[in-house]
Amino acid sequence: MNIIILGVPGSGKGTQSKILEKKFSLKQLSTGEMLRNEVTSGSALGNRVRKRIHSGRLVSDEIIINIISKRLDEKKMSKGVIFDGFPRTVPQAEALTDLLVEKSLFIDYVFELIVDDDSIIERVIGRYSCKECGIGYHEKFEKPKLEGTCDKCGNHDFVRRNDDTEDTVRDRLKQYHHQTAPIIAYYSDAGLLTRVNGMTGINEVTDKFNEIIQ
Ligand code: AMP
Numbered sequence: 056m057n058i059i060i061l062g063v064p065g066s067g068k069g070t071q072s073k074i075l076e077k078k079f080s081l082k083q084l085s086t087g088e089m090l091r092n093e094v095t096s097g098s099a100l101g102n103r104v105r106k107r108i109h110s111g112r113l114v115s116d117e118i119i120i121n122i123i124s125k126r127l128d129e130k131k132m133s134k135g136v137i138f139d140g141f142p143r144t145v146p147q148a149e150a151l152t153d154l155l156v157e158k159s160l161f162i163d164y165v166f167e168l169i170v171d172d173d174s175i176i177e178r179v180i181g182r183y184s185c186k187e188c189g190i191g192y193h194e195k196f197e198k199p200k201l202e203g204t205c206d207k208c209g210n211h212d213f214v215r216r217n218d219d220t221e222d223t224v225r226d227r228l229k230q231y232h233h234q235t236a237p238i239i240a241y242y243s244d245a246g247l248l249t250r251v252n253g254m255t256g257i258n259e260v261t262d263k264f265n266e267i268i269q
């Protein structure tokens, strides 16, 4: 089973991808996470895309399609993939269709998480994660049970994304509405799209996904 989750930054794509990944033994493919890892490792690709990622601008379609094409060939992807943060432009969506046809694969579901822009600013600028295990928190909505200590691994170091500032989030929202929203029609015309209210709680969104999948 292959799933695409669309939605503005902070709409809960990553959170839901991780839940679906476990439940259905799929593999989450987050292009944002892959690119951040490249930046952290200081690879040639990381150095090429660093500025764009920190300023919240999209990386070129060519780079992204190349990364996805390589990752889809990995054996661990054979059970199915959740695309998180990809595709983000019409050329990426078209390239994904071509890649899947080439590999005799197809998309089963496309979910779009609907969250209003005002809530997004508050959600994104307050989020942070454990430096060790990566579990996510929010300074208002989801604090660790014991302040300063990760619930999952007990670590005391937390990190925030460089691109989670108010100005950058506003730019990323604009980009979503200009560059990514057109792919909604692409998947809707293909009869694959379901829009899901992302303003409810994490469990309610997961229940909705499960209901549609089952
Ligand atoms: P995300 O973690 O999905 O919010 O992505 C973080 C950043 O990585 C974005 O703001 C872009 O700079 C870059 N990025 C991630 N996915 C894509 C994509 N599919 N196309 C272009 N740029 C991307």
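So in my numbering, the last spot in the sequence shown is 269, and the numbers never skip.
Where a beta carbon is used, it is the ideal one built from N, C-alpha and C, also for glycine.
All figures in this text were calculated on a predicted structure; none of them were measured in a lab.
Apart from the five residues on each side of it in sequence, which residues of its chain come closer than 6 Å, Cβ to Cβ, to T223?
The sequence position of residue 223 within the sequence shown is 168, counting from 1. Here the set comprises G111.
Pairs of beta-carbons, one from the stretch 90-106 and one from the stretch 184-193, closer than 8 Å: are there three or more?
Judged by Cβ distances under 8 Å, the stretch 90-106 makes no contact with the stretch 184-193, as fewer than three pairs qualify.
Using DSSP with H/G/I as helix, E/B as strand and the rest coil, what is D172?
As a first step, residue 172 is located in the sequence shown; it is residue number 117 there, counting from the start. DSSP places D172 in helix when its eight states are reduced to three.
Taking only runs of the alpha helix (DSSP H) that begin and end inside the stretch 150-218, which ones reach a length of at least 4 residues, in chain order?
Whole alpha helix (DSSP H) segments, 4+ residues: 172-180.
Have a look at D262, H232, E187 and flag the residue whose alpha-carbon is nearest the alpha-carbon of L61.
Walking along the sequence shown from the start, residue 61 turns up at place 6. The shortest C-alpha separation from L61 is found at H232.
CA-CA distance, E117 and K229?
Counting from one through the sequence shown, the residue named residue 117 turns up at place 62. Counting from one through the sequence shown, the residue named residue 229 turns up at place 174. Rounded to whole angstroms, E117 to K229 spans 22 Å at the Cα level.
DSSP on R143, reduced to helix/strand/coil?
Against the sequence shown, residue 143 aligns to sequence position 88. Three-state result, R143: coil.
Check whether the stretch 148-155 and the stretch 113-128 touch, using three or more Cβ-Cβ pairs below 8 Å as the test.
Yes, since at least three Cβ pairs between the stretch 148-155 and the stretch 113-128 fall closer than 8 Å, the two stretches touch.
May I ask you to report which of helix, strand or coil DSSP gives S85?
In the sequence shown, the residue the question calls residue 85 occupies position 30. Three-state result, S85: strand.
Pull up the distance between the alpha-carbon of G181 and that of E76, whole angstroms please.
Here residue 181 corresponds to residue number 126 of the sequence shown, with the count starting at 1. Here residue 76 corresponds to residue number 21 of the sequence shown, with the count starting at 1. Cα-Cα distance, rounded: 25 Å.
Starting from the N-terminal side, write out each stretch of the alpha helix (DSSP H) that is 4 residues or longer and does not extend beyond the stretch 70-142.
Fully enclosed alpha helix (DSSP H) runs of 4 or longer: 86-96, 99-110, 116-127.
Does the ligand AMP have even one heavy atom less than 7 Å from the beta-carbon of V260?
As a first step, residue 260 is located in the sequence shown; it is residue number 205 there, counting from the start. Flag unset: Cβ of V260 not near the ligand AMP.
Which of the three DSSP states is assigned to L228 in this structure?
Translated into positions along the sequence shown, residue 228 becomes position 173. L228 falls in the helix class under three-state DSSP.
Below 8 Å on the Cβ atoms is my guess for I119 versus Q83; work out the distance and round it to an integer in Å.
Within the sequence shown, the letter at position 64 stands for residue 119. Within the sequence shown, the letter at position 28 stands for residue 83. 16 Å between Cβ atoms; not a contact.
Give a single yes or no on whether S72 has its beta carbon closer than 7 Å to a heavy atom of the ligand HEM.
In the structure shown, the ligand HEM is absent; the only ligands present are the ligand AMP.
How is the beta strand (DSSP E) around T249 delimited, first residue to last?
Reading the sequence shown from its first residue, position 194 is the one you call residue 249. Element bounds for T249: 248-252.
Cutting at 8 Å between CB atoms, please list the residues of its own chain near D212, excluding the five before and the five after it.
For the purposes of this step, residue 212 is taken as the residue at position 157 of the sequence shown. Correct list, in chain order: C185, K186, E187.
Just the Cα atoms here: how many angstroms apart are T255 and K198?
Translated into the one-based positions of the sequence shown, residue 255 becomes position 200. Translated into the one-based positions of the sequence shown, residue 198 becomes position 143. About 18 Å.
Nearest to G69 by CA position, among D172, V179, C208, F161, is which residue?
Counting from one through the sequence shown, the residue named residue 69 turns up at place 14. For G69, the nearest C-alpha among the options comes from V179.
Could you tell me the alpha carbon to alpha carbon distance between V114 and L81, rounded to whole angstroms?
Within the sequence shown, residue 114 is the residue found at index 59, counting from 1. Within the sequence shown, residue 81 is the residue found at index 26, counting from 1. Those two C-alpha atoms are separated by around 25 Å.
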